[in-house]
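Under my numbering, the first residue of the sequence shown carries the number 1, and numbering increases by one thereafter.
We treat Cβ as the ideally placed atom computed from N, Cα and C, and that holds for glycine.
These figures come from a predicted structure and were not determined experimentally.
What follows is a short report on a single structure.
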Amino acid sequence: MAAQKNIHLHAVKGNWQLDDSSQSKIVAMACSIAAEIERDLISQRTTEALAARKKMGMTLGRARY
């Protein structure tokens, strides 16, 4: 998306950049895949934690007043 808007990102600390090059597209794809995997893992951990709390008899959600 940044490439479509002609935005170039330069990371000084890591000495890499995202621009119109093929290497940048590969880096962006790798970051995208890592983010997708992390989202899935967070969702899985949350689901497992909620199931464990429910199994222990804890009330889930906001408290009712």
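**OP:** Give every residue of the same chain whose Cβ lies closer than 7 Å to the Cβ of S24, excluding the five residues on either side of it in the sequence, and list them in chain order.
**Re:** Correct list, in chain order: Q17 and L18.
Subject >> Close Cβ partners of H8 (< 6 Å) along its chain, the five nearest in sequence each way excluded >> reply: Cβ within range, chain order: D19.
Original post:
With which residues is L18 paired in a DSSP beta bridge?
Top reply: Bridge partners of L18: L9.
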